[in-house]
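Structure first, then comments.
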Amino acid sequence: MNKEKETILVVDDEQQIVSVVKAYLEKDGYTVYSAFDGKEALNIFENKDIDLIVLDLMLPDISGEEICKKIRIKSKVPILMLTAKVEEDDRVMGLNIGADDYMIKPFSPKELVARINAILRRTRQDEVKADIIEINNGDLEIDLKKMEVKKKGKVVKLTPTEFDILALFIRNIGRVFSREELVTKILGFDYEGYDRTIDVHIKNIRHKIDDEQFKYIKTVYGIGYKFVG
50 MNKEKETILV VDDEQQIVSV VKAYLEKDGY TVYSAFDGKE ALNIFENKDI DLIVLDLMLP
110 DISGEEICKK IRIKSKVPIL MLTAKVEEDD RVMGLNIGAD DYMIKPFSPK ELVARINAIL
170 RRTRQDEVKA DIIEINNGDL EIDLKKMEVK KKGKVVKLTP TEFDILALFI RNIGRVFSRE
230 ELVTKILGFD YEGYDRTIDV HIKNIRHKID DEQFKYIKTV YGIGYKFVG
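Start counting at 1 in the sequence shown, then tack on 49, and there's your number in my numbering.
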């Protein structure tokens with residue numbers, strides 16, 4: 050997938066923010082659609098081929114939280130959440146409902162573009178791989194090309210970021226990753242303050258793939274995490 054063919058949907062009720070973000074993304078080679086409320090955003094998403102969504106949490110009609118939930122029911126499209134809320138609980142909430150990353154307002158448009166590039170770069174890399182990996186005698190099946198995970202034959206819904214973390218673990222079974230290393234490898238660059246949100250992603254993955262018989266992701270206290278097959 051070439052960047053020139055990738056399409057971003059920017060959703061924010063502040064027209065100045067949308068204009069600035071749109072200008073930076075178009076300069077970087079993306080096609081950009083914009084929406085100023087939730088209803089318009091969902092309409093565009095349903096009718097256009099969108100590769101990533103930049104989504105404000107606070108919208109005048111449908112909240113960013115509700116939009117994220119609606120989209121996650123039917124799509125794994127990457128979502129980068131924008132929020133003016135600085136509390137950790139608000140950021141954790143965004144990740145828990147399916148966002149792949151977040152930025153706090155005010156933010157640097159250059160950093161926003163860098164994060165979008167990193168997310169889509171990971172998506173491209175996963176799309177060109179055709180591996181299907183079975184773990185624990187087929188209890189867990191990961192299709193790296195389709196970005197699909199099955200547990201006991203049933204599809205498990207993971208966000209793109211959750212899938213990237215799981216795929217990294219599976220390609221490196223038994224290796225211990227620190228939180229900082231996971232941030233660097235998943236985001237594509239080091240971002241101070243993001244490392245603890247890795248814990249949220251890990252918790253979500255565990256909830257979706259673990260059972261009473263087998264725990265796949267082990268905590269290595271004082272260091273980080275590792276995957277056991």
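The beta carbon of each residue, even a glycine, is placed where N, CA and C say it ideally should be.
Quiz item: If Tyr118 sits next to Gly78, beta carbons under 8 angstroms apart, how far is it from one beta carbon to the other, in whole angstroms?
Solution: For the purposes of this step, residue 118 is taken as residue 69 along the sequence shown, with counting starting at 1. For the purposes of this step, residue 78 is taken as residue 29 along the sequence shown, with counting starting at 1. Per the sequence shown, residue 118 should be read as Lys rather than Tyr. That pair is no contact at about 30 angstroms.
Quiz item: Can you list, in chain order, the residues of its chain whose CB lies under 8 angstroms from that of Val162, leaving out five sequence neighbours each side?
Solution: The sequence position of residue 162 within the sequence shown is 113, counting from 1. Counting only Cβ-Cβ distances below 8 angstroms, and skipping sequence neighbours, we find Tyr73, Leu74 and Asp77.
Quiz item: From this set, Gly187, Val59 and Glu55, which residue's C-alpha is nearest Asn92's C-alpha?
Solution: To locate residue 92, count along the sequence shown from 1; it is residue 43. The option with the nearest alpha carbon to Asn92 is Val59.
Quiz item: In its own chain, which residues sit with a C-beta less than 6 angstroms from the C-beta of Glu183, not counting the 5 before and 5 after it?
Solution: Numbered from 1 along the sequence shown, position 134 holds the residue referred to as residue 183. Excluding positions up to five away in sequence, the list reads Glu190.
Self-check item: Reduced DSSP category for Met196 - H, G, I as helix; E, B as strand; rest coil
Solution: Stepping through the sequence shown from its first residue, residue 196 is reached at position 147. Of the three classes helix, strand and coil, the one that applies to Met196 here is coil, per DSSP.
Quiz item: Can you tell me the Cα-Cα spacing of Leu104 and Lys123, whole angstroms?
Solution: In the sequence shown, the residue the question calls residue 104 occupies position 55. In the sequence shown, the residue the question calls residue 123 occupies position 74. Using only the alpha carbons, I get a separation of about 17 angstroms.
Quiz item: Applying the criterion that 16 or more other CB atoms from any shown protein chain within 10 Å of the CB defines a buried residue, is Asp110 buried or exposed?
Solution: As a working mapping, residue 110 is identified with position 61 in the sequence shown. That one is exposed.
Quiz item: Would Asp260 be called buried (16 or more neighbouring beta carbons within 10 Å of its own) or exposed?
Solution: Position 211 of the sequence shown, counted from the first residue, corresponds to residue 260. The residue is exposed, with fewer than 16 neighbouring Cβ atoms inside 10 Å.
Quiz item: Excluding the five sequence neighbours on either side, which residues of its own chain have a C-beta within less than 8 angstroms of the C-beta of Lys88, listed in chain order?
Solution: By 1-based counting over the sequence shown, the position of residue 88 is 39. Around Lys88: Asp110 and Ile111.
Exercise. Can you have a look at Thr268 and say buried or exposed, based on whether 16 or more other CB atoms are within 10 angstroms of its CB?
Key: In the sequence shown, counting from the first residue as 1, residue 268 sits at position 219. Exposed, since its Cβ has fewer than 16 Cβ neighbours within 10 Å.
Exercise. May I have the straight-line CA-CA distance separating Asp86 from Leu131, to the nearest angstrom?
Key: If you number the sequence shown from 1, residue 86 lands on position 37. If you number the sequence shown from 1, residue 131 lands on position 82. Using only the alpha carbons, I get a separation of about 14 angstroms.
Exercise. Identify the continuous alpha helix (DSSP H) that holds Ala90 and give its terminal residues.
Key: Counted from its first residue, the sequence shown places residue 90 at position 41. Run containing Ala90: Gly87 to Asn96, per the alpha helix (DSSP H) assignment.
Quiz item: Between the beta-carbon of Phe276 and the beta-carbon of Arg224, is there less than 9 angstroms?
Solution: Residue 276 sits at position 227 when you count from the first residue of the sequence shown. Residue 224 sits at position 175 when you count from the first residue of the sequence shown. The answer is yes: Cβ separation under 9 angstroms.
Exercise. May I ask which residues mark the beginning and end of the alpha helix (DSSP H) holding Lys123?
Key: For the purposes of this step, residue 123 is identified with residue 74 of the sequence shown, where counting begins at 1. From DSSP, the alpha helix (DSSP H) with Lys123 extends over Gly113 to Lys123.
Exercise. Could you spell out where the beta strand (DSSP E) holding Lys213 opens and where it closes?
Key: Here residue 213 refers to the residue found at position 164 of the sequence shown. What sits at residue 213 in the sequence shown is Asp, not Lys. Not the beta strand (DSSP E): Asp213 falls in the alpha helix (DSSP H), residues Pro209 to Arg220.
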